[in-house]
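Below you'll find the structure, written out as structure tokens, and then a few comments.
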Amino acid sequence: MHSTTVLLIEVGALLFALGMLGRIGRRFGLSPIPLYLLAGLAFGQGGVVPLSASEEFIEVGAEIGVILLLVMLGLEYSASELVGNLRSAAPAGVLDALFNALPGAGFAFLLGWGWEAALVLAGITWVSSSGVIAKVLADLGRLGNRETPVILSVLVIEDLAMAFYLPLVTAVLAGVGLVGGLKALAVAVLTVVAVLVVAIRYGHAISSFISVKDPEALLLSVLGLTLFVAGVAAELKVSAAVGAFLVGIALSGPVAHHATQILSPLRDLFAAVFFVFFGLSTIPAAMPPVLLPALGLALLTMLTKVLTGVFAARRVGVALPGQVRAGLALMPRGEFSIVIAGLAVASGVEPELAPLATAYVLITVVSGPMLARMSDYAWFKTMIRKRTAVRRPVEPVPAAE
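Taking the working numbering, the leading residue of the sequence shown gets -15, the next gets one more, and so forth.
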């Protein structure tokens, strides 16, 4: 059979299967991400139905998926909002890094891995999944809650920190040494600062240059600009994903609003391909030996995320129920964790890292949204109410005259 025909059959069957999996996941209130990862495991090396003709297509689609995920996230924020969030939530961001990156690095050393793997695992356990968390908040009707801006501020700090972390990790995994890593970090800092300055000062001019009256022209302009900047960023060793994120931040007003609506279907399509691709690169037989370590790491870092959310919400005066909701919402890891693990897989660092990361993301992304719903249950509200009553000082009763 002609290779093009086989490609069409494989891609068509894969996308149809992903559509059915996504429908099943939403029916049971689950994120479709773990189902896409499982599909990748089923179709990958050692899987039930290996894909032969479409691997290269899926690899390119996965790269586009990461870029679209990040540009869509950037479209949610303006440059001024980003800078304001950084100032107000900086202490929570520092605590978030310490609470969640250090356990990952320490866990890698406990497993006997080198410092390169420790640096990678620190990033995997540090960053929450912006995509999954945004979906959970929308599904639970919490976008207007008082703790939601706190959650988003933590996510923004994490995503911006990736602009500096990813180039450093990429350089380290490429074997360029400490000096090369510092050079890559310096280039990343200069690039991010330059883009932020341009976005703050000239963002409106850039947005006004792109027309919103013609949906086709808007789609081609925004997508073309995003892919171009992502490619340039990759050449500068900054990371294509971070370049896409900064493009999203630079666009504002009606352009950002309409671009979000137009790009959403494309993002959903290629993001699904991205998660499948990561599953394809993992050998299923390698996962059982790392399930217990992944479970232990997930339990530890889900707890540290709860502590992060409680601290961040308490700083701005959110009540105890909101603090708990913020902590529970931050638990899932997803796209960035897989991007970081993918860098390690490509460089050949620690063969067990990919299956450990896959199992870890699966555990957090399945249990996280379920636990986030826990705060809506009556028994949980009663427990929080009792704890709040115990902590509240009792008002003295005035003596009778």
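C-beta atoms are modelled at their ideal positions from N, C-alpha and C, and glycine is treated no differently.
Report, in whole angstroms, the separation of the C-beta atoms of Ala1 and Ala296, which I expect to be a contact under 8 Å.
Taking the first residue of the sequence shown as position 1, residue 1 is located at position 17. Taking the first residue of the sequence shown as position 1, residue 296 is located at position 312. Actually they do not touch by this definition, with Cβ atoms about 39 Å apart.
For Met315 versus Val274, is the C-beta distance shorter than 8 Å?
Walking along the sequence shown from the start, residue 315 turns up at place 331. Walking along the sequence shown from the start, residue 274 turns up at place 290. The answer is no: Cβ separation not under 8 Å.
Considering only their Cβ atoms, is the gap separating Met4 from Arg251 smaller than 8 Å?
For this step, residue 251 is matched to residue 267 along the sequence shown. For this step, residue 4 is matched to residue 20 along the sequence shown. Contact flag unset, no.
Terminal residues of the alpha helix (DSSP H) in which Trp328 lies:
Taking the sequence shown and counting its residues from 1, the one referred to as residue 328 is at position 344. Looking at the sequence shown, residue 328 is not Trp but Ala. Per DSSP, Ala328 belongs to the alpha helix (DSSP H) from 319 to 331.
Tell me the DSSP secondary structure of Glu60 in three-state form.
If you number the sequence shown from 1, residue 60 lands on position 76. DSSP places Glu60 in coil when its eight states are reduced to three.
With the cut-off set at 8 Å, would you say Leu281 and Tyr344 are in Cβ contact?
If you number the sequence shown from 1, residue 281 lands on position 297. If you number the sequence shown from 1, residue 344 lands on position 360. Closer than 8 Å, so yes.
Under 8 Å, do Thr342 and Leu21 count as touching if we go by C-beta distance?
Here residue 342 is taken as the residue at index 358 of the sequence shown, counted from 1. Here residue 21 is taken as the residue at index 37 of the sequence shown, counted from 1. Result yes, Cβ atoms of Thr342 and Leu21 sit closer than 8 Å.
Taking just the CA atoms, how far does Pro272 sit from Ala240?
Residue mapping note: residue 240 aligns to position 256 of the sequence shown, counting from 1. Residue mapping note: residue 272 aligns to position 288 of the sequence shown, counting from 1. Taking the straight line from one Cα to the other gives about 44 Å.
Interface flag, Thr266 vs chain C, CB-CB below 8 Å:
This model lacks chain C altogether; it includes just one protein chain.
Can you give the beta carbon distance from Ile108 to Ala256, rounded, assuming they're within the 8 Å contact cut?
Stepping through the sequence shown from its first residue, residue 108 is reached at position 124. Stepping through the sequence shown from its first residue, residue 256 is reached at position 272. Ile108 to Ala256, Cβ: 21 Å. No contact.
Residue closest to Val350, alpha-carbon to alpha-carbon, out of Val78, Leu(-2), Gly9:
Position 366 of the sequence shown, counted from the start, is the residue given in the question as residue 350. Of the candidates Val78, Leu(-2), Gly9, the one whose C-alpha sits nearest the C-alpha of Val350 is Gly9.
Leaving out the 5 sequence neighbours to the left and right, which residues in its chain are closer than 6 Å to Ser38 when beta-carbon positions are compared?
On the sequence shown, position 54 is the one that residue 38 refers to. Excluding positions up to five away in sequence, the list reads Leu(-9), Glu(-6), Val(-5).
Neighbourhood of Met367 by C-beta, 8 Å cutoff - its chain only, sequence neighbours within 5 removed
Translated into positions along the sequence shown, residue 367 becomes position 383. Hits under 8 Å: none found.
Can you name the start and end residues of the alpha helix (DSSP H) that Ser(-13) belongs to?
Reading the sequence shown from its first residue, position 3 is the one you call residue -13. Its alpha helix (DSSP H) spans residues -13 to 11.
Buried or exposed: where does Val177 fall if 16 or more other Cβ atoms within 10 Å of its Cβ makes it buried?
Along the sequence shown, read from residue 1 onward, the residue named residue 177 stands at position 193. Exposed.
Return helix, strand or coil for Asn129, following the three-state DSSP convention.
Translated into positions along the sequence shown, residue 129 becomes position 145. In this structure, Asn129 counts as coil in the three-state DSSP scheme.
Range covered by the alpha helix (DSSP H) that runs through Asp123
As a first step, residue 123 must be located in the sequence shown, where it is residue number 139. Taken as a continuous stretch (DSSP letters only), the alpha helix (DSSP H) holding Asp123 covers 114 to 123.
Residue from Leu340, Leu139, Pro339 with nearest C-alpha to Leu79
The count along the sequence shown starts at 1 and reaches residue 79 at position 95. Comparing Cα positions, the closest option is Leu139.
Residues near Phe259 in its chain [Cβ-Cβ closer than 6 Å; skip 5 each side]
Within the sequence shown, numbered from 1, the residue matching residue 259 stands at position 275. Contacts found: Ile17, Tyr20, Leu21.
If you run the structure through DSSP and keep just helix, strand and coil, what is Ser87?
Position 103 of the sequence shown, counting from 1, holds the residue named residue 87. Just to set this straight, residue 87 is Pro in the shown sequence, not Ser. Helix.
Count Cβ pairs between the stretch 145 to 163 and the stretch 188 to 206 that sit closer than 8 Å; are there 3 or more?
no
State the Cα-Cα distance for the pair Leu304 and Gly6, rounded to the nearest angstrom.
Within the sequence shown, residue 304 is the residue found at index 320, counting from 1. Within the sequence shown, residue 6 is the residue found at index 22, counting from 1. Whole-angstrom Cα-Cα distance: 34 Å.
Start and end of the alpha helix (DSSP H) containing Ala297?
Stepping through the sequence shown from its first residue, residue 297 is reached at position 313. Where Ala297 is concerned, the enclosing alpha helix (DSSP H) stretches over 275 to 299.
Judging by CA-CA distance, which residue of Phe41, Ile42, Ser62 is the nearest neighbour of Leu180?
Taking the first residue of the sequence shown as position 1, residue 180 is located at position 196. Out of Phe41, Ile42, Ser62, Ser62 has the C-alpha closest to the C-alpha of Leu180.
Check this for me: beta carbons of Glu319 and Trp97, under 8 Å apart or not?
The residue you call residue 319 lines up with position 335 of the sequence shown. The residue you call residue 97 lines up with position 113 of the sequence shown. No, the Cβ-Cβ distance between Glu319 and Trp97 is not below 8 Å.
Of all the alpha helix (DSSP H) runs that stay within the bounds of the stretch 154 to 239, which reach a length of 4 or more residues?
161 to 193, 199 to 219, 224 to 234
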